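Undergrad: Just passing along the structure, written as structure tokens.
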Ligand code: PMP
């Protein structure tokens, strides 16, 4: 075992795929302190800039004073507090679904939900670029599992026509490494045609897409019949932590009874739920954050296009620049850091080989001037490296 571990690490290094963590010594905001030096960050998923908002901090500290820190147990034992309950009701209301159920993380929500819905003999169909937690959920579910080409609705239709048992189609709403949207209106239509259920992971859409920020479902105007399983996380645009699934009474009660990652884990700290609740109100009632973010996205894309950088087909806060091989992507990221900018190089296995990229994310906490600073740094690095 010792030799295997050492050999694996050596191989990762040789492939330029070694991952290392950085130590952040400040709150989540654009101006960060990282490993003892100031960096302007463009890699956070805090899309609305709420992670460090005074109202979240206040809600968190007030709830911690009342409930303490730990929830003490799982939801079904004695860990389900009033704060969790209130958040579930607020989420159901925001998403226009009958009920919502909190999970401790998005990863667990995806694993638990897929496995609770399908059995052996059923079929799970997923987009090829779905998040790892969805793919893992499909593989672990015991159902037949197959992937369709990215956003290829025609291929999905063919696979559905040939599928057996209960059919569950699963897709990201916004793809986390590309920033593009799934064509949910078309996917929902093909699901209806083949009597399949649709599950959407809207980790990167919830809070930012749609008129009121209620996510991809709102953006495409899909109700609970068309999109029966709506999942999203609270650690990105909502600036907090955790995740939820929203849908019908029968769906939620099934998850409470059968979703093992729901049943067998400690409930989130109540203070985290209270902070999420405060964040939902801000996300819903202050559309100016989304407007500002959208202006920054246009500003960035215009500037990057004039530099001839290889942008992807995205109008969301996720604005990757395609580089190609892992080594070059890493060199861009390191050169940007020398310019005071923190952008992660995303490499295999997170993305397919040959499609390594800089994953730039914008947030409502950035200023137009900071976006210009990023563009200046990109121009500088481009001159130096190409
Ligand atoms: N789904 C998607 C699309 C994600 O990007 C993420 C987080 N990277 C998750 C699920 C997992 O959510 P969490 O971080 O809450 O486990």
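In full-length UniProt numbering, the protein residues as written are 1 to 386.
Ideal Cβ positions, reconstructed from N, Cα and C, are used throughout, including at glycine.
Since we're looking at a predicted model, the values are computed, not measured.
(1) Restricting to Cα atoms, I'd like to know which of 331, 210, 277 is closest to residue 58.
(2) Taking the C-alpha atoms as reference points, what is the distance between residue 109 and residue 244?
(3) When you compare only the Cα positions, how much space is there between residue 312 and residue 199?
(4) Can you find at least 3 beta carbon pairs, one from the segment 93-104 and one from the segment 203-217, that sit closer than 8 Å?
(5) Does the beta carbon of residue 280 come closer than 8 Å to any beta carbon on chain B?
(6) Is it a yes or a no for the segment 258-271 touching the segment 283-302, going by three-plus beta-carbon pairs under 8 Å?
(7) Which one or two residues does DSSP pair with residue 411 in a beta bridge?
(8) State the Cα-Cα distance for the pair residue 153 and residue 173, rounded to the nearest angstrom.
(9) First and last residue of the beta strand (DSSP E) that includes residue 101?
(10) Let me know the beta strand (DSSP E) ranges lying completely inside the segment 219-280, each 3 residues or longer, listed in chain order.
(11) Only counting runs of 3 or more residues, tell me where the beta strand (DSSP E) segments fall wholly within the segment 160-217, in order along the chain.
(12) Answer with buried or exposed for residue 289, where buried requires no fewer than 16 other C-beta atoms within 10 angstroms of its C-beta.
(13) Tell me where the alpha helix (DSSP H) around residue 54 begins and ends.
(14) Could you name each continuous beta strand (DSSP E) segment of 3 residues or more that falls completely within the segment 96-154, going from the start of the chain to the end?
(15) When the Cα atoms are used, what is the spatial distance from residue 204 to residue 1?
(16) Measuring only from the beta carbon, is residue 203 closer than 7 Å to any heavy atom that is part of ligand 1?
(17) Opposite residue 24 in the DSSP bridges: which residues?
(18) Let me know the secondary structure DSSP gives residue 324 once reduced to three states.
(19) Return the first residue and the last residue of the beta strand (DSSP E) that residue 303 is part of.
(20) Rounded to a whole number of angstroms, what is the C-alpha to C-alpha distance between residue 361 and residue 120?
(21) If distances are taken between C-alpha atoms only, which option among 68, 31, 25 comes closest to residue 268?
(22) Could you give the distance in angstroms between the alpha-carbon of residue 125 and the alpha-carbon of residue 147?
(23) Using a 10 Å radius around the Cβ and a threshold of 16 neighbouring Cβ atoms, would you call residue 78 buried or exposed?
(24) Report buried or exposed for residue 118, applying the criterion of at least 16 other Cβ atoms within 10 angstroms of its Cβ.
(25) Where does residue 370 land, buried or exposed, given buried means 16+ other C-beta within 10 angstroms?
(26) Check residue 74 in the structure and name its three-state DSSP category.
(27) So, for residue 73: in the same chain, excluding its five sequence neighbours on each side, which residues have a beta-carbon less than 8 Å away from its beta-carbon?
(28) How many angstroms separate the CA atom of residue 224 from the CA atom of residue 310?
(29) Helix, strand or coil for residue 365 per DSSP?
(30) Consider the C-beta atom of residue 151 and the heavy atoms of ligand 1; say whether any pair is separated by less than 7 Å.
(31) Tell me which residue opens and which closes the alpha helix (DSSP H) that residue 6 is part of.
(32) Just checking, does the segment 229-244 make contact with the segment 159-167 on the three C-beta pairs under 8 Å criterion?
(33) How is residue 353 classed by DSSP in three states: helix, strand or coil?
(34) If you reduce the DSSP assignment to three classes, tell me which class residue 345 lands in.
(35) Relative to the alpha-carbon of residue 178, which residue among 363, 246, 184, 346 has its alpha-carbon at the smallest distance?
(36) Is it true that the CB of residue 210 sits closer than 8 Å to the CB of residue 237?
TA: Checking against the coordinates, here is how it stands:
(1) 277
(2) 7 Å
(3) 25 Å
(4) yes
(5) The displayed structure is made up of one protein chain only, and chain B is not part of it.
(6) no
(7) Within the shown structure, residues of the chain are numbered from 1 to 386, placing residue 411 beyond reach of any answer.
(8) 14 Å
(9) 99-103
(10) 229-233, 243-247
(11) 167-172, 197-201
(12) buried
(13) 54-67
(14) 99-103, 123-127, 144-148
(15) 38 Å
(16) yes
(17) 34
(18) strand
(19) No beta strand (DSSP E) contains residue 303, which is instead part of the alpha helix (DSSP H) from 288-306.
(20) 39 Å
(21) 68
(22) 6 Å
(23) exposed
(24) buried
(25) buried
(26) strand
(27) 79, 266, 267
(28) 38 Å
(29) coil
(30) no
(31) 2-14
(32) no
(33) coil
(34) strand
(35) 346
(36) no
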